[in-house]
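Undergrad:
Numbering (the working numbering), first residue to last: 6 to 380.
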């Protein structure tokens with residue numbers, strides 16, 4: 006029975022993709038171990054849905070902004086992982102920042118280890134990456150990727166870019182989709198916020214951070230002419246206070262704290278439309294297939310998306326919503342009015358068909374097949 010060590014450099018409290026991946030592999034007979042980072046008030050060792058988790062304790066509690074301190078801590082992390090896990094059979098590297106660890110183990114401690122590189126983003130083109138740091142990241146990935154036995158990407162467009170950039174076999178496409186569920190339509194938001202039945206509820210679900218179009222959504226609903234259009238923001242992040250302040254001034258803007266994955270789709274289904282309005286400020290956004298898109302689909306609500314390549318393709322090819330022609334408040338207002346006029350019966354039929362394709366059970370087949378191919 007082969008042992009897989011799945012490395013992720015977060016605290017592994019809300020990483021649904023890594024959890025689903027490890028459950029799928031464990032159910033197939035692999036021995037799996039998640040290795041993450043320890044933080045205060047979190048268990049160092051834990052079992053999550055039968056998946057063993059080791060959060061590595063480092064001498065310093067927090068990652069300093071000082072680059073030298075970060076480097077020292079990173080080598081401390083490598084030392085501890087090597088010491089405990091170097092004899093494992095497979096390392097599953099979640100994101101580029103974990104790939105050097107597997108490279109060092111493969112080169113110096115265990116020549117037979119297999120490495121799976123699971124790029125959750127377009128790693129060298131993420132929002133905020135620029136200058137020397139961007140160049141260094143590109144060089145790092147270009148060097149390390151040839152030591153990966155298999156590469157996984159999260160969108161078709163990003164997989165194609167990796168082929169062109171690195172002259173490698175096309176990466177396997179494993180989308181970050183939810184488990185297939187039959188979700189009964191709920192009305193939680195109307196009940197919670199006393200929203201009238203005639204109102205149309207739009208939902209933004211996810212991280213409240215820059216680049217996600219939060220400011221555009223707020224500006225849109227502050228000035229929208231349609232008085233029956235309301236928006237609920239559900240999530241957490243740096244822009245949470247901005248949203249909270251808007252709810253105090255505008256009657257059509259609401260905030261709901263993030264909820265657990267177990268009940269998430271019940272809340273999602275309580276909206277009439279889901280909005281994804283990523284800004285076109287990096288190639289990672291332009292080519293992204295966000296997990297929130299697939300959560301909207303699984304919950305049976307149509308999607309309004311910004312005019313970005315991969316999201317546009319998903320929405321328009323499957324006829325499950327509207328793509329804004331312009332990524333502006335004015336463009337979003339037009340898209341909202343178009344969405345309200347769509348035939349709901351046709352939308353629901355299309356959503357039912359699409360969720361049969363975009364679910365974790367289908368993505369799991371790709372994952373398990375690539376693991377079978379590791380010789």
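Cβ coordinates follow ideal geometry from the N, Cα and C atoms, glycine included.
The structure presented is a predicted model; accordingly, all values stated were derived computationally and were not measured.
Considering only residues of the same chain and omitting the five flanking positions on each side of residue 91, which have a CB-CB separation below 6 Å?
TA: Here the set comprises 110, 114, 115.
Undergrad: Bridge partners for residue 158 per DSSP, in chain order?
TA: According to DSSP, which records beta bridges pairwise, residue 158 is partnered with 178.
Undergrad: Determine, using beta carbons only, whether residue 325 and residue 302 come nearer to each other than 8 Å.
TA: Going by C-beta atoms, residue 325 is nearer than 8 Å to residue 302.
Undergrad: Mark residue 17 as exposed unless 16 or more other C-beta atoms lie within 10 angstroms of its C-beta, in which case mark it buried.
TA: Residue 17 is buried by the Cβ-count criterion.
Undergrad: Between which residues of its own chain and residue 277 is the CB-CB distance below 6 Å, once the five residues before and five after are set aside?
TA: Same-chain partners within the cutoff: 205, 206.
Undergrad: Since residue 252 and residue 334 should fall inside the 8 Å C-beta cutoff, what is the C-beta to C-beta distance between them, to a whole number of angstroms?
TA: At roughly 18 Å, the Cβ-Cβ gap does not stay under 8 Å, so residue 252 and residue 334 are not in contact.
Undergrad: Throw me the rounded Cβ distance for the residue 24 and residue 54 pair, which I believe falls under 8 Å.
TA: About 7 Å separates the two Cβ atoms, so the contact holds.
Undergrad: Contact check, residue 311 vs residue 218 under 8 Å by CB: the rounded distance?
TA: Contact flag correct, Cβ pair sits at about 6 Å.
Undergrad: Three or more beta-carbon pairs under 8 Å between the stretch 126 to 133 and the stretch 182 to 199, yes or no?
TA: The answer is no - the stretch 182 to 199 does not touch the stretch 126 to 133, with fewer than three Cβ pairs under 8 Å.
Undergrad: Assign residue 33 to one of three DSSP states: helix, strand, or coil.
TA: The answer is coil: DSSP assigns residue 33 none of H, G, I, E or B.
Undergrad: Using the Cβ count rule (16 or more neighbours within 10 Å means buried), how would you classify residue 286?
TA: So residue 286 counts as exposed.
Undergrad: CB-CB under 8 Å to residue 167, same chain, minus the five flanking residues each way: which ones, in chain order?
TA: Cβ neighbours of residue 167 beyond the five flanking positions: 124, 150, 156, 158, 173, 175, 176.
Undergrad: Run through DSSP, which three-state label would residue 329 get?
TA: DSSP places residue 329 in coil when its eight states are reduced to three.
Undergrad: Would you kindly work out how many angstroms separate the C-alpha atoms of residue 169 and residue 208, rounded to a whole number?
TA: In a straight line, the C-alpha of residue 169 is about 37 Å away from that of residue 208.
Undergrad: Look up residue 60 in the DSSP assignment and give the residues it is bridged to.
TA: The partner list for residue 60 (beta bridge, DSSP) reads 41.
Undergrad: With the cut-off set at 8 Å, would you say residue 275 and residue 341 are in Cβ contact?
TA: No; because the gap between Cβ atoms is not below 8 Å, this pair is not in contact.
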